[in-house]
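Read through the structure below, which is laid out as structure tokens, and then see the notes.
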Amino acid sequence: MNLSFTDEQNLLRDSVSKFCGSDYDFETRMKSVNSDSGHNPEHWKLFAELGWLAIPFSEDLGGLDGGDVDLSLMFEEFGKSIVVEPYLANVVLSGGVLKRSDLENKTDLIEHLITGEKQISLANYEPQKGFNLDNVDCEISEDGSVNGLKTTVLNAPNADFFLVFGKHQTGHAFALISKDAKGSKVTTYKTYDGFVSGDLHLENCKADAVFSKADAVDILHQAILEGIICVSSEAIGAMETCYKLTIEYTQQREQFGQSLSKFQALQHRMVDMFMETEFSKSFLLKVLATDDENERTKLIYGLKNQIAKAGKYVGEEAVQLHGGMGVTEEMSVGHYLKRLLVITNLFGSSDYFLDKYIES
Amino acid sequence: MNLSFTDEQNLLRDSVSKFCGSDYDFETRMKSVNSDSGHNPEHWKLFAELGWLAIPFSEDLGGLDGGDVDLSLMFEEFGKSIVVEPYLANVVLSGGVLKRSDLENKTDLIEHLITGEKQISLANYEPQKGFNLDNVDCEISEDGSVNGLKTTVLNAPNADFFLVFGKHQTGHAFALISKDAKGSKVTTYKTYDGFVSGDLHLENCKADAVFSKADAVDILHQAILEGIICVSSEAIGAMETCYKLTIEYTQQREQFGQSLSKFQALQHRMVDMFMETEFSKSFLLKVLATDDENERTKLIYGLKNQIAKAGKYVGEEAVQLHGGMGVTEEMSVGHYLKRLLVITNLFGSSDYFLDKYIES
Amino acid sequence: MDLNFSKEDLEFRDEVREFLDKEYPKHIKEKMNNGDELSREEVVEWHKAVAKKGWMGHSWPVEHGGTGWDATKVYIYLRELALAGCPTFVPFGLQMVAPVIWTFGSEEQKKKFLPRILNFDDWWCQGYSEPGSGSDLASLKCKAVREGDEYVLNGQKTWTTLGQHADWIFVLVRTDDSGKKQEGITFILVDMKTPGIEVKPIITLDGDHEVNEVWFDNVRVPAENVVGEEGQGWTYAKFLLFHERSSIAGAPNMRRVLNSLKIRAKNTYHTDKPLSEDKNFQSKVAQFELDLDALEMTELRGLAAMREGKSPGAESSLLKIKGTELQQRLSTIAVEMAGHEGMPYGGPYGFSDVEVAATKSDQLSAPKYLNFRKVTIYGGTNEIQKNIIAKAVLGI
Amino acid sequence: MDLNFSKEDLEFRDEVREFLDKEYPKHIKEKMNNGDELSREEVVEWHKAVAKKGWMGHSWPVEHGGTGWDATKVYIYLRELALAGCPTFVPFGLQMVAPVIWTFGSEEQKKKFLPRILNFDDWWCQGYSEPGSGSDLASLKCKAVREGDEYVLNGQKTWTTLGQHADWIFVLVRTDDSGKKQEGITFILVDMKTPGIEVKPIITLDGDHEVNEVWFDNVRVPAENVVGEEGQGWTYAKFLLFHERSSIAGAPNMRRVLNSLKIRAKNTYHTDKPLSEDKNFQSKVAQFELDLDALEMTELRGLAAMREGKSPGAESSLLKIKGTELQQRLSTIAVEMAGHEGMPYGGPYGFSDVEVAATKSDQLSAPKYLNFRKVTIYGGTNEIQKNIIAKAVLGI
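Residue numbers (my numbering), protein chains in the order written: chain E, 23 to 382; chain U, 23 to 382; chain W, 831 to 1226; chain D, 831 to 1226.
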């Protein structure tokens, strides 16, 4: 039994933590959020230079052979500063699909991901089709033409390519579609957590390639599971900042002649926030330390359920204990709640994953 | 729209309240609990003299024509002192079945109930058959012989007669069985709230009468619905005493140089207890003021769900805030929790009634 | 004891429905149904329509133009308005400053202000909170110094709801800081057009501009605008807070939202069966409904008590806590229902001009949830309400 | 990072299992499975069996007879014991007074007491709480006055768990009341056979006799029984409380109970389908399981930190709070599962000689629930634990 991180993992965490601590204060983040692309290309370049974009790829794909633990450590640090750089969309989700796929030129695409030159978005969800991954209407025909509507395609406005998941005569498959492909149209929008996203309309759009016809659903599932670990870790980082911000704020703020942090009812609530964060960390650790695949999958469902509840709870309490200031755009705490709320609902609701857990 | 009580109702409440306040302190209650019959025959006589046992019966049955509101008012007062006198078992449940039944000599039996001379217990539940009323194995044959096992028959050791609900070739029926009937055996026990109860074993036991073959399930259902209103009202009375006892205790008890009631975290929890009690009262009022039968039935299911949760919550908090003293037999507060816990589980669990509410 | 309405009450209900049918402007109704924001003009239009009918003073004494309705009628009236999805009344004039004026104001003030409030000629806003004062309202610092027939105001107020639309503001100012913090506070009425007043928007989490900072820089106000006595403002302020009861609109409005949500659930799919058939969803909705019933009945108990001449007192804190918690729970159910389709930002500063695949309701779910974070904070945080209940009701 | 055991660890686990298979007395095992209470003799018998194997000192330093196991082995050992349903060790000697003696005691005390504790020759109990002191432990009043080579004790202790069985008691007494309440407290070891000691039972809600009042009436104790210095008892008392960590047994024991509950649910009917297929029940159990996983991993994180030489510190308060909350939740699930069949009173003072139709498990559900009300109160209430976390971990 071993619950320690390796030296490399500790180094990675320190390096991400250092970046977030010194180069990513709240003001910097909001500049990225309010920019056109919704993130800072300079940061993205830096991520590439530091090798972060190469982490979850095997060495023969040009990667650093990192695993879930490495991703989790990074995302926990990202969460502490609610980093908006599109790591999840590019590296975890699109990268996660690509690396498992049988796409011929996947090495090239992954290389572009790793250098940060190209961005790629995964397009799988559809309006009113719910959370079951295989429930899609989008059709990928024999000749590679694609018809369908994909929604909340993360980081869509920055994508050079889309990996479109759809029905195929063999069952399901992915289609690689470049952003300028005829018959494709992207409607871009901000999501309420400050990230960018979009809808992808495809009408007789010719794919550059159709791939992974044999196991597309499984590949998608694996990538999403990895995504859940990442956003859960991110949520835990955000929760930690939430209770720390709240402690800080209540210590500074005086009311009725003493600092708010001295009111016992508020103290106990901050303790509850801390406890939720700590037990969430423990559960994440259990997931990361579990080898057996079935057991791990079940636990990931459980993780998503737990994080959805704990994250929302901690975020809401943080805003409440900040009082009036908590609900202003100006204070950072509310932005943590927004991101936590998105994570709560990303990939499926807390109830959905409890049911998946029960059924597994 | 009218949410006021009538003068008669206010008088009734005052009279019950006076009895509980002056003649039924905790010590008196525990004497009843620890007596052989589990209640005080003198009290029962007094209840009869005051006309309380006649309340829910129509005038032609020798009753006072009272309704659910009257019962509810009484039970709320009973709950404040967790009265163990067997009103629910005799008057509400057995009386509730009898008054709706087609039993020939029901007037006589009800008269005995009203004068307090005879006690009657309803025997419907069976081991491991759950909460659905019609789910019984007990058989009442053509010739009136009864076979079966009935469990948690309230007030069984004091019963002169049993109203046994069972299967009958017409569907379901009740059998009237006297306590000395051949083939009947009562195993008596205390329940953990200090009440008495028992199992009724019936082996080729000859019934004095078989009745209400046409609508036994419906009659049982109506009596149980009335029972739910009564125990819910009782729970609300108990909840009120719980938060009041807690306020009193925390005001007297000093710790770290000030009275416990001055600790803000505890104050807020007492406020929560108070709020749960008040909103429970409101919901009960809604039930009492609703005429439409279907709507009322649905709301009674909802009431049982709400009371089960609120009662358990308030009782648990009361014990917790009493600290070490709260878990001793010596203090009254724990006995309130015990009764609240029984009410929580009587007639069906909180989950069961939420489902019934959803299905109605 | 029954919840049935009398024949007269039923007739009155029909009268309200008829009024709404005819006089509730269609274009406003449509906007409300879509969850769109109303313009200032539209809010005024709605209030004027009610004023024309003579129904603005439902909570006012008859002598000042009140309707003279009993509690049941008031209940019916507000319920029908909420069920029809009408905008809630702007409370700052009608429910907040008006009772202070008719109770403590001079005859001139009553004549000058009350009819205009009842007719919604003036839009009022509130100058209570200050940065740093939070729930400890009496620690306010905004200063007023008397100079001849005028007071000169300097300082800052914050969390002034809809201050950007207001014609008048009632302000708590410090006219004396030599004594206890509750002393030396004065209640004064200020014309928003007076030079030296600046209104700065505060953007809340949902991206909306609803609250403001109001800055006073040597603002000169006639001394006749002081209500009651100088230095007695804290008394009036507490009276006002007490009068700022949680409105009965809470429960019926939630019922309307809940119903539309239940209908939507029939066509919402998280899995292969509609959400309306999902056990988790059903349980959540059922428990919400039960709590909503309890809230509504608690309001009715309060009304009934008032009719019997009892004061609802600190029990209104109870309604405030439960009502706001339920509002937040309902908004959470809507966000969960939207799932990832609630992510596109449908708030007032979003890309509302873009045609997004997600439904409008889904897009609005998160902004509403975020907007509702404030309800447990404003008007005295729920924590403060608990302190009030502890002290005033439970005596601890 | 992995949860797999090494080959050596697996061998050790098998050794523990083999030991339990052979040496865990069958008649005790049966009683534990039935939920029956053990007699004093049986408790001693179990401890002696472990002592004979040399495994009592799993948390002790090797020099005093400890096993020298690493954290993984300790985890495996306690987990196997809990999963086999063994009685938990009586902690007052083994885990509470022993560390105080080996850290602060004299050589004579170490020699006299430690081997007997390790061999369970003496049954220890705790004299800490007093009526009226509650969580404010330092306000204790029980007095000890020195007379020659002896101290004379007068006063009362309470909540003394299993004091009716004890041979020795460690007591906090006040030897000086001139200074602050934390000063003038002395830690002293008292033979329960000393004249003047009276043990009176306290019956708890479940009807059980587990805790006691202990009265001291001119009890004369040799001065050599004082641990460390007179007046320094508060330091030792805090050290002891810190050492009284929530035992790792919590999670595995709950897992065992949960499993048996899940099995029973397959044959429990509230409606026409078994409870195990009921959605509400499934959700409740699933959420409990997830929380239990988190609790267990938090314990493991603590063990891992300790192995790296870090102190688990106030984080043990976190385990205490969550662990006890989960114990209560589990007991609640069992009570709900029993429904009305949990009503027959199956507690130790009930009609246990009567043959009741309800199953034994159902009858025991309420007494267990009632017994578990204490766990959030004893050993420092959960409220006090939160105060500790606020101060020591969060720095507020």
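Yeah, the Cβ is synthetic: ideal placement off N, Cα and C, and Gly gets one too.
CB contact flag (residue i, residue j, <8 Å)
i                         : j                            : result
lysine 308 of chain E     : aspartate 832 of chain D     : no
tyrosine 323 of chain E   : tyrosine 379 of chain E      : yes
threonine 268 of chain U  : alanine 332 of chain U       : no
leucine 1002 of chain W   : glycine 1063 of chain W      : yes
leucine 1120 of chain W   : phenylalanine 305 of chain U : yes
asparagine 177 of chain E : glutamine 141 of chain E     : yes
histidine 877 of chain D  : phenylalanine 842 of chain D : no
alanine 1187 of chain W   : threonine 173 of chain E     : yes
lysine 940 of chain W     : isoleucine 931 of chain W    : yes
Short CB-CB distance (under 8 Å) between residue i and chain U
i                         : result
glutamate 1043 of chain D : no
leucine 1091 of chain D   : no
Residue-level contact to chain D via CB, residue i, 8 Å cutoff
i                         : result
asparagine 169 of chain U : no
proline 108 of chain U    : no
glutamine 1 of chain U    : Since the first residue of chain U shown is 23 and the last is 382, residue 1 of chain U is not available in this structure.
N-terminal and C-terminal residue of the alpha helix (DSSP H) that residue i is part of
i                            : result
aspartate 1021 of chain W    : Note, aspartate 1021 of chain W: premise wrong, no alpha helix (DSSP H); beta strand (DSSP E) at 1015-1021.
alanine 1168 of chain D      : 1145-1168
phenylalanine 922 of chain D : From DSSP, phenylalanine 922 of chain D is part of no alpha helix (DSSP H); its letter is neither H nor E.
glutamine 939 of chain D     : 937-948
threonine 268 of chain U     : 238-274
glycine 279 of chain U       : It is not in any alpha helix (DSSP H) - glycine 279 of chain U carries neither H nor E in the DSSP assignment.
Minimum Cβ-Cβ distance from residue i to chain W less than 8 Å
i                             : result
phenylalanine 1181 of chain D : For phenylalanine 1181 of chain D, the pLDDT reaches just 48, beneath the cut-off of 50, and the residue's location in the model is therefore unreliable, although a value from the coordinates is still provided. Taking Cβ atoms only, chain W never reaches closer than 8 Å to phenylalanine 1181 of chain D, which makes this a no.
serine 163 of chain E         : no
glutamine 277 of chain E      : yes
tyrosine 455 of chain E       : Since the first and last residues shown for chain E are 23 and 382, residue 455 of chain E lies out of range.
glutamine 191 of chain U      : no
threonine 312 of chain U      : yes
Chain E contact for residue i (CB, 8 Å cutoff)
i                        : result
serine 1076 of chain W   : Its pLDDT being 48, under 50, serine 1076 of chain W is placed unreliably in this model, and the coordinates cannot settle the point.
arginine 1203 of chain W : yes
leucine 1130 of chain D  : yes
alanine 1187 of chain W  : yes
Unbroken beta strand (DSSP E) run spanning residue i, endpoints
i                        : result
glutamate 977 of chain W : 973-977
tyrosine 907 of chain W  : Tyrosine 907 of chain W -> not in any beta strand (DSSP E); alpha helix (DSSP H) instead, spanning 901-913.
glutamine 956 of chain W : 954-957
Contact belief for residue i with residue j at Cβ below 8 Å, rounded distance in angstroms
i                       : j                             : result
leucine 1148 of chain D : threonine 1128 of chain D     : 7 Å
leucine 1228 of chain W : glycine 356 of chain E        : The structure shown does not extend to residue 1228 of chain W, since chain W is modelled only from 831 through 1226, so no value can be given for it.
alanine 1053 of chain W : phenylalanine 1017 of chain W : Alanine 1053 of chain W to phenylalanine 1017 of chain W, Cβ: 13 Å. No contact.
Practice problem: Return the residues of the stretch 268-298 of chain U that lie within a Cβ-Cβ distance of less than 9 Å from chain E, sorted by chain order. | Solution: Within the stretch 268-298 of chain U, those residues whose Cβ lies closer than 9 Å to any Cβ of chain E are, in chain order, Phe285, Gln286, Ala287, Leu288, Gln289, His290, Arg291.
Next item on the list: Anything in the stretch 974-991 of chain W with a Cβ closer than 8 Å to a Cβ of chain E? List those residues in chain order, please.
Entry: Going along the stretch 974-991 of chain W in chain order, one finds Thr988, Trp989 with a Cβ nearer than 8 Å to chain E.
Interface residues of the stretch 1102-1123 of chain D facing chain W [CB-CB below 8 Å]: Taking 8 Å as the Cβ-Cβ cut-off against chain W, the residues of the stretch 1102-1123 of chain D that qualify are Lys1109, Asn1110, Ser1113.
- For the stretch 1007-1038 of chain W, enumerate the residues whose C-beta is nearer than 8 Å to any C-beta of chain U, in chain order. With the criterion set as a beta carbon lying under 8 Å from some beta carbon of chain U, the stretch 1007-1038 of chain W has no members that meet it.
Taking any Cβ of chain U, which residues in the stretch 918-943 of chain W have a Cβ under 7 Å from it, in chain order? Of all residues in the stretch 918-943 of chain W, none has a Cβ within less than 7 Å of some Cβ in chain U.
Taking any Cβ of chain W, which residues in the stretch 339-351 of chain E have a Cβ under 8 Å from it, in chain order?
Cβ proximity to chain W below 8 Å picks out Val341, Gln342, Gly345, Gly346, Gly348, Val349, Thr350, Glu351 from the stretch 339-351 of chain E.
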